[in-house]
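A short worksheet on the structure shown next.
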Amino acid sequence: MSDEGNPQQAPTAHKLQTPIGMHDILPDDHEFFTFIKKVVRHRARQCGFRRITTPILEATEVFQRGIGDATDIVDKEMYTFTDKGDRSMTLKPEGTAGVVRSYIEHGMKELPQPVQLYYIEPHFRYDKPQKGRYRQFWQFGIEIIGETDPALDAQIIDLANRINEDLGIAHLFQIQINNIGCPKCRTKYKEELVNFYIGKERSLCENCQDRLHKNPLRLLDCKAEDCRILAELAPKFEQYRCPTCVEFHTKLKGYLDELKIEYVENPKLVRGLDYYTGTVFEFWDKTEGAQNAIGGGGRYDGLTELMGGQPTPAVGYAAGLERIIGHMHKEGIKVPSKDDLHIFVAQLGDDAKKKCLTLLNQLRERGIKAVGALGKGSMKAQMRLADKFKVPYTLIMGITEVREGVVIVRNMQKGQQRPVPFDEVVEEVVKLIGEENLDKYSPGELLY
Ligand code: AMP
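Residue 448 is where the sequence shown ends in the working numbering, and the numbering goes up by one at each step.
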């Protein structure tokens, strides 16, 4: 009989789990997330960037106009739905379009230019899940909006590289750069590319056949073997780049040399989004290449206008946190764990439990990370738990200790213990832990 037909019988519960391609960020993962966020925040702030957070959902048009209808992201990968007000909404697949929408909406053009913003947020793409490719992933991004100069592009690349250095993974990546031209020279090049491919469609993969007239530049970085062979033979953009774009690119390379940043020129690098103009760059895994790029970016001088604002040049970069963490694990990089506890408080009897509540607060106010097993009965069970928490010290309070006004301080490693007057125990613990190891909390410091 089916579960439905028998109201007495509980339905067989199927196992609930995270959606395909999405992950829980567990406490151990969060230590890495926190570390990366701190590095990004620190480096971005040093360069005058301020943090922005845009909604996780935007009107679908924000991405259609910005990223482009013909791109894989908009065409195939967006989480789009109609909300109860009959509006088409999309979970953001990338960060830049939302930031530019915000720049226009909040009149940031009136602020001193360029406006430098950074974000650290989750993004969503309905992609085929595989190693390093998920349907929900985190990116940090940095954007300089409002000015054009190759020195700004160099600064963005430098900042991205410095962040990788701080994370201990810069040596794993090679910086690939290209300049895909301005609308003028690129239009001419696109026409030539299409002409080259016409008549060769049957040698292209299905994807590229579809992209040929919509987004021909993407044919250059297709991974399919036949497409790669054709891309080698295709006309090179260098022959079409206008003098202004040539000068811009030459200057960028000069600035990168000045900053001693190594890079490789890759004429086939185009990036997946329509909004790029001029400079494009990616940080490629030295062993796996583009498959495992950690981040990429470029100049998007036409995006603000595409989205309804005044023409405003801009340049930016975004990198994936999960991929960064994957590389940090591979390199055996450890991040400081701030979650380790200092003190476990064990108690027995109602009076002791009451005292413990205050004691726990006093310890925490002083920066000592402390837990108590207030729901556990026996002292044995509590001490077992203290062992599991791997705390260096346990404070023990039973009926006798309450009566005598003391707390027993137990060194867990040595198995030695001694009584300390209740009023002195917090400072005694500070001495044992060391002032420098306390987890000091100052709301002022945490405000931002
Ligand atoms: P993109 O702008 O698409 O090149 O993305 C920039 C970076 O975000 C990539 O280099 C990856 O590190 C990360 N990223 C993009 N898509 C995904 C994904 N589906 N899963 C995990 N990370 C991603």
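Cβ atoms here follow ideal geometry from the backbone N, Cα and C, with glycine treated the same way.
If you draw a straight line from the C-alpha of residue i to the C-alpha of residue j, how long is it?
i: LEU111; j: ILE145; result: 11 angstroms
i: GLY141; j: GLY349; result: 54 angstroms
i: THR60; j: GLY320; result: 22 angstroms
i: SER2; j: LYS353; result: Here SER2 scores only 40 on pLDDT, less than 50, and its place in the model should not be relied on; the value that follows carries that caveat. Distance between the alpha carbons of SER2 and LYS353 is about 51 angstroms.
i: ILE163; j: ASN292; result: 18 angstroms
i: PHE33; j: ILE25; result: 9 angstroms
i: GLU4; j: PHE81; result: Residue placement at GLU4 is flagged as unreliable, the pLDDT there being 42, under the threshold of 50; the coordinate-derived value follows with that caveat. So the two alpha carbons sit approximately 31 angstroms from each other.
i: PHE196; j: VAL270; result: 18 angstroms
i: ASP439; j: GLU427; result: 15 angstroms
i: TYR448; j: ILE56; result: Legend: pLDDT at TYR448 = 46, less than 50; position of this residue unreliable, value from coordinates given subsequently. Approximately 20 angstroms, taken between the alpha carbons.
i: LEU432; j: ILE343; result: 11 angstroms
i: GLU94; j: GLN136; result: 11 angstroms
i: LEU385; j: PRO419; result: 21 angstroms
i: ARG218; j: CYS208; result: 8 angstroms
i: GLY68; j: LYS76; result: 12 angstroms
i: ALA290; j: GLU282; result: 8 angstroms
i: ALA44; j: ARG51; result: 9 angstroms
i: ASP423; j: GLU435; result: 18 angstroms
i: TYR118; j: SER378; result: 51 angstroms
i: GLN17; j: HIS23; result: 9 angstroms
Which residue wins for smallest C-alpha separation from residue i, given the options the options?
i: LYS414; options: GLU424, GLU436, ASP387, PRO421; result: ASP387
i: VAL100; options: PRO114, VAL406, GLU424; result: PRO114
i: ASP340; options: PRO392, GLU365, MET307; result: PRO392
i: ILE120; options: GLN130, TYR126, LYS92; result: LYS92
i: LYS338; options: LYS15, PHE35, ARG211; result: PHE35
i: CYS205; options: GLU192, ASP221, GLU191; result: ASP221
i: THR187; options: ALA381, GLN209, HIS213; result: HIS213
i: ILE175; options: GLU143, GLY68, LYS286; result: LYS286
i: VAL406; options: ASP351, THR71, MET78; result: ASP351
i: TYR103; options: CYS245, GLU305, VAL402; result: GLU305
i: GLY168; options: GLU282, HIS327, THR250, CYS185; result: HIS327
i: GLU288; options: GLN46, LYS223, GLY68, ARG51; result: LYS223
i: LYS109; options: THR244, LYS380, GLY332, GLY309; result: GLY309
i: GLN116; options: LYS380, GLU435, GLN46; result: GLN46
i: TRP138; options: SER88, ALA151, TYR189, ASP29; result: ASP29
i: LEU256; options: LYS128, GLU105, LEU152; result: LEU152
i: CYS227; options: TYR240, PRO243, LYS200, ASN437; result: LYS200
i: GLU225; options: ASP210, SER203, CYS245, ARG241; result: SER203
i: THR54; options: ALA70, PRO122, VAL74; result: PRO122
Within 8 angstroms: the Cβ of residue i and any heavy atom of the ligand AMP?
i: TYR134; result: yes
i: ARG513; result: It is not possible to answer for residue 513, since the shown part of the chain is limited to 1 through 448.
i: GLY295; result: yes
i: ASP221; result: no
i: GLN139; result: yes
i: ASP274; result: no
i: ARG271; result: yes
i: PHE33; result: no
i: HIS171; result: no
i: THR281; result: The question names Thr, but residue 281 in the sequence shown is Phe. For the ligand AMP, not one heavy atom lies less than 8 angstroms from the Cβ of PHE281.
i: ARG323; result: yes
i: GLY530; result: Because the chain here runs from 1 to 448, residue 530 falls outside it and cannot be looked at.
i: HIS125; result: The sequence given here places Arg at residue 125; His does not occur at that position. It does: the Cβ of ARG125 is within 8 angstroms (strictly closer) of some heavy atom of the ligand AMP.
i: GLU94; result: yes
i: ALA70; result: no
i: GLY320; result: yes
Would residue i pass as a contact of residue j if the rule is Cβ separation under 9 angstroms?
i: THR279; j: ASN179; result: yes
i: ASP301; j: CYS182; result: yes
i: GLN362; j: ILE396; result: no
i: GLY66; j: LEU233; result: no
i: ARG364; j: ALA370; result: yes
i: ARG366; j: VAL430; result: yes
i: ARG323; j: GLY132; result: yes
i: VAL315; j: THR148; result: yes
i: VAL345; j: THR394; result: yes
i: TYR134; j: TYR79; result: no
i: ALA97; j: PHE49; result: no
i: LEU193; j: PRO150; result: no
i: PRO267; j: PHE237; result: yes
My guess is that residue i and residue j are in contact by the Cβ rule of under 8 angstroms, so how many angstroms apart are they, rounded?
i: ALA160; j: GLY295; result: 6 angstroms
i: GLU31; j: VAL335; result: 5 angstroms
i: ILE157; j: ILE325; result: Not quite, the Cβ-Cβ distance comes to about 22 angstroms (not below 8 angstroms), so this is no contact.
i: LYS190; j: CYS242; result: Not quite, the Cβ-Cβ distance comes to about 14 angstroms (not below 8 angstroms), so this is no contact.
Check the Cβ-Cβ distances between residue i and every residue of chain B, and say whether any is below 9 angstroms.
i: ILE67; result: The structure shown has no chain B; it contains just one protein chain.
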